[in-house]
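Enquirer:
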Amino acid sequence: EAGVAQSPRYKIIEKRQSVAFWCNPISGHATLYWYQQILGQGPKLLIQFQNNGVVDDSQLPKDRFSAERLKGVDSTLKIQPAKLEDSAVYLCASSLVGDLLRDVNTEAFFGQGTRLTVV
Amino acid sequence: GENVEQHPSTLSVQEGDSAVIKCTYSDSASNYFPWYKQELGKRPQLIIDIRSNVGEKKDQRIAVTLNKTAKHFSLHITETQPEDSAVYFCAAPRRSRPDSSYKLIFGSGTRLLVRP
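Structural data, given as structure tokens:
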């Protein structure tokens, strides 16, 4: 089975510039997550989609971050303008279903991530 | 992490010894507890998970135990090997508000080093 695809793998930008990341989840997975992983820390959820609807974006800095999943498949995460503290690995993950408490197939499969460096 | 506490942050063991990593969570309704392994420069991968209808689950050298009363769960690795060296993350469901969906919150990670 093909895994979660992300691009680009690496990106270096100057502060105040814009950047976009792309994610293609595993085919058939309804739930898609974007996580931010700062060096030495655990992944922090930024936004969770169920099909093309947002389930949770409480940790997304909405003044500069935006994400969409228009057709319920691919997703893009954008940062505009970037700050130095945005330097991190941005991980996309997908799962078959999204109700963590009720469903069985809730394993989240992660992509390789995009390493963003803001200078 | 957000109310998922993990410790120790680093753990060094001799090859063949056991390693134990512990996590605590805050939401008593949480009933799904996965453990992920992340090798250097690679993606996190699920290694084992447990649901709250059981107290222990084993898969070869890896086991996870759950104490719902105390709200903590642990990862146990026996007969450790150098290839077990990685960062391990626990996770638990939590919701921002009573009317919101549950999201998976990760611990801060444990860097395990297995010395040959």
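Those protein sequences? They're chains B and Y, same order as listed.
Heads up, the first sequence is in our numbering, so the first residue is 1 and it goes up one at a time.
Heads up, the second sequence is in our numbering, so the first residue is 1001 and it goes up one at a time.
Cβ coordinates follow ideal geometry from the N, Cα and C atoms, glycine included.
This one's a predicted model, so the numbers in the text were calculated from it and none came from an experiment.
#1: Going by Cα to Cα distance, which pick from B:ARG115, B:TYR10, B:ILE79 and B:THR106 is closest to ALA20 (chain B)?
#2: For the beta strand (DSSP E) holding GLU14 (chain B), just list the boundary residues, first then last.
#3: Name the DSSP bridge partner or partners of SER7 (chain B)?
#4: Tell me the DSSP bridge mates of THR1065 (chain Y)?
#5: I'd like the span of the beta strand (DSSP E) that includes HIS1007 (chain Y), first residue to last.
#6: Does GLY1001 (chain Y) have its Cβ less than 8 Å from a Cβ in chain B?
#7: What's the gap between the Cα of ASP1059 (chain Y) and the Cα of ASP1017 (chain Y)?
#8: Is it true that the CB of GLY111 (chain B) sits closer than 8 Å to the CB of GLN36 (chain B)?
#9: DSSP three-state call for PRO1082 (chain Y): helix, strand or coil?
#10: Can the beta-carbon of SER1052 (chain Y) be found less than 8 Å from the beta-carbon of LEU1040 (chain Y)?
#11: Smallest Cα separation from LYS44 (chain B): which of B:ASP57, B:VAL73 and B:ASN52?
#12: Would PHE65 (chain B) count as contacting chain Y if we go by Cβ distances under 8 Å?
#13: Please list, in chain order, the chain Y residues whose beta carbon lies closer than 8 Å to that of PRO43 (chain B).
#14: Let me know the secondary structure DSSP gives GLY68 (chain B) once reduced to three states.
#15: If the criterion is Cβ atoms closer than 8 Å, does the pair SER94 (chain B) and VAL4 (chain B) meet it?
#16: At what residue ranges does the segment 28–64 of chain B contain a whole run of the beta strand (DSSP E), taking only runs of 3 or more?
#17: LYS1103 (chain Y) CB to nearest chain B CB: under 8 Å?
#18: If I'm right that LEU84 (chain B) touches VAL118 (chain B) with Cβ under 8 Å, what's the distance once you round it to whole angstroms?
#19: Within the 8 Å Cβ cut-off, does SER1096 (chain Y) reach chain B?
Expert: Let me spell this out:
#1: B:ILE79
#2: Looking at the DSSP string, GLU14 (chain B) is not in any beta strand (DSSP E), and its letter there is neither H nor E.
#3: B:TRP22
#4: Y:GLU1056 and Y:SER1074
#5: 1004–1007
#6: With a pLDDT of 44 at GLY1001 (chain Y), under the threshold of 50, the modelled position of this residue cannot be trusted, and the question is left open.
#7: 17 Å
#8: no
#9: helix
#10: no
#11: B:ASP57
#12: no
#13: PRO1044, PHE1089 and PHE1106
#14: The amino acid at residue 68 (chain B) is misidentified as Gly; the sequence shows Glu. Reduced to three states, the DSSP call for GLU68 (chain B) is strand.
#15: yes
#16: 31–37, 44–50 and 53–56
#17: yes
#18: 5 Å
#19: yes
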